[in-house]
Ligand code: BG6
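In my numbering, the protein residues as written are 9 to 445.
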């Protein structure tokens with residue numbers, strides 16, 4: 009595309025329904041700051057052109073220091089030539105920093121990820137590389153550290169003695185419309201579970217880091233991930249949406265191969281073999297084309313010991329990541345009145361109500377700022393990625409058909425809660441609905 013087309017596209021996502029002149033001014037100044045250069049990924053001279061363009065921009069600043077942050081959101085096939093060309097043609101040898109942010113997919117299994125990591129490493133050091141997982145920039149994911157380690161009451165109940173099961177859920181109300189071609193190669197496990205939900209799980213379950221320093225945090229994440237054995241087929245439920253409620257099914261998408269068995273929904277249970285978590289099921293669920301948009305962590309505590317109270321609801325701590333960030337705790341309290349009866353209540357911290365003036369930053373906003381500052385805390389380290397792929401590769405090879413026949417996902421209607429097999433699946437791991445007591 010040409011630069012005009014680029015500017016048109018880039019601002020087309022900015023909403024200004026009432027034509028507010030302040031917003032128009034901000035958009036114009038943003039446009040003036042962003043420029044567009046087209047070129048071939050494999051062509052070194054295109055990167056020389058980019059470099060000359062950057063030098064021209066830099067010449068307008070007085071500071072001798074030049075800082076370059078490259079952001080790669082690319083198909084894996086061109087990743088390596090771009091990493092190489094940037095290093096060879098656009099790298100500043102002194103008086104500045106050079107950093108590269110890399111978007112997923114970081115490979116498609118353990119071997120391909122190792123190959124990719126190895127190749128990028130030839131050009132960019134670990135210190136210069138920022139592997140982005142935007143879930144790590146979400147306010148409520150960052151909040152997990154504070155909730156866990158700044159509250160004695162929660163910290164004390166954070167283990168197998170108090171917790172029965174944990175669910176980490178991702179729901180989207182739209183299908184792969186328009187992105188089917190991309191999606192079909194990866195499937196929901198590579199798109200959501202192996203990265204976003206596993207990152208949430210690692211922060212939820214790691215031991216307390218020695219400090220907030222990036223390496224201390226990432227050391228603890230790697231340690232807990234290494235305690236998770238590869239996922240078992242029996243612990244996995246796969247689904248694919250079919251047409252319903254006037255919406256097309258996955259296979260109706262022209263960009264999706266006919267007869268594709270790619271899962272658009274997956275639920276899978278992970279186990280952590282360490283003294284804190286042994287025996288606690290961590291159920292991850294993610295699906296496209298469901299009934300609502302919701303990402304949450306639901307920690308269900310054990311039944312209260314039988315005695316004076318029978319059949320009362322379990323405590324639950326719910327951390328809603330989106331939409332409408334919230335933390336709420338389901339407890340039991342006395343029904344007001346003359347009799348002593350317990351009833352379920354909620355202690356509710358909904359951010360919109362509690363922090364009326366707060367502006368919650370977008371995940372990417374927070375993470376790009378971290379990369380500019382050189383803070384790796386919320387980026388994925390090479391060994392973290394390696395262990396994440398170890399957990400998921402066997403199940404993915406089974407789904408891909410590399411380990412024999414491909415499993416056929418069960419169907420669920422577009423706009424539903426997911427496959428009907430989901431309720432028995434979570435019950436199998438000890439989850440009890442509140443009404444079951
Ligand atoms: C991306 C996935 O990483 O995350 C998409 O590739 C998904 O399929 C998106 O829609 C979800 O991000 P968010 O921030 O909207 O939850």
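Every residue, glycine too, gets a C-beta built ideally from N, C-alpha and C.
Item	Value
For the stretch 210-275, which segments carrying the alpha helix (DSSP H) assignment without a break, of at least 4 residues, lie completely within its bounds, in sequence order?	222-233
Between 241, 154, 23, 423, which lies nearest to residue 407 when the distance is taken from Cα to Cα?	241
With a threshold of 7 Å (Cβ to nearest heavy atom), would residue 199 be considered close to the ligand BG6?	yes
Going by C-alpha to C-alpha distance, which of 315, 275, 34 sits closest to residue 294?	275
On the criterion of 16 or more Cβ atoms from any shown chain inside 10 Å, does residue 342 qualify as buried, or is it exposed?	exposed
List the DSSP bridge partners of residue 82.	BP columns for residue 82 are empty, so no partner.
The alpha helix (DSSP H) with residue 21 in it runs from where to where?	Taken as a continuous stretch (DSSP letters only), residue 21 belongs to no alpha helix (DSSP H), as it is neither H nor E.
Between the alpha carbons of residue 326 and residue 338, how many angstroms are there, rounded?	8 Å
Report whether the distance from the Cβ of residue 388 to the nearest heavy atom of the ligand BG6 is below 7 Å.	no
Whose CA, out of 334, 33, 47, 56, lies closest to the CA of residue 152?	334
Check this for me: beta carbons of residue 396 and residue 205, under 8 Å apart or not?	no
Using the Cα positions of residue 87 and residue 94, report the straight-line distance between them to the nearest angstrom.	11 Å
Cα separation between residue 214 and residue 55?	42 Å
Under the three-state reduction of DSSP, which class applies to residue 356: helix, strand or coil?	strand
Relative to the C-alpha of residue 177, which residue among 331, 16, 418, 384 is closest?	331
Just grab the DSSP bridge partners of residue 108 for me.	78, 137
Would you list the one or two residues that DSSP bridges to residue 421?	250
Rounding to the nearest angstrom, what Cα-Cα distance links residue 254 and residue 420 in this structure?	14 Å
When burial is assigned at 16 or more other CB atoms within 10 Å of the CB, is residue 445 buried or exposed?	Here the model assigns residue 445 a pLDDT of 39, short of 50, so the residue's position is not dependable and the matter cannot be decided.
For residue 305 and residue 328, what's the separation of their Cα atoms in angstroms?	6 Å
Go ahead and label residue 32 buried or exposed: buried means 16 or more other beta carbons lie within 10 angstroms of its beta carbon, across all protein chains shown.	exposed
Which same chain residues end up closer than 6 Å to residue 225 when comparing Cβ atoms and leaving out the 5 residues on each side of it in sequence?	217, 385
Let me check you understand the geometry: is the CB of residue 303 closer than 7 Å to at least one non-hydrogen atom of the ligand BG6?	yes
From 78, 30, 103, pick the residue whose C-alpha is nearest to that of residue 71; which is it?	103
Grab me the residues of residue 288's own chain with a C-beta within less than 6 Å of its C-beta, minus the 5 sequence neighbours each way, in chain order.	168, 171
Measuring only from the beta carbon, is residue 142 closer than 7 Å to any heavy atom that is part of the ligand BG6?	yes
Alpha carbon to alpha carbon, what distance is there between residue 186 and residue 258?	11 Å
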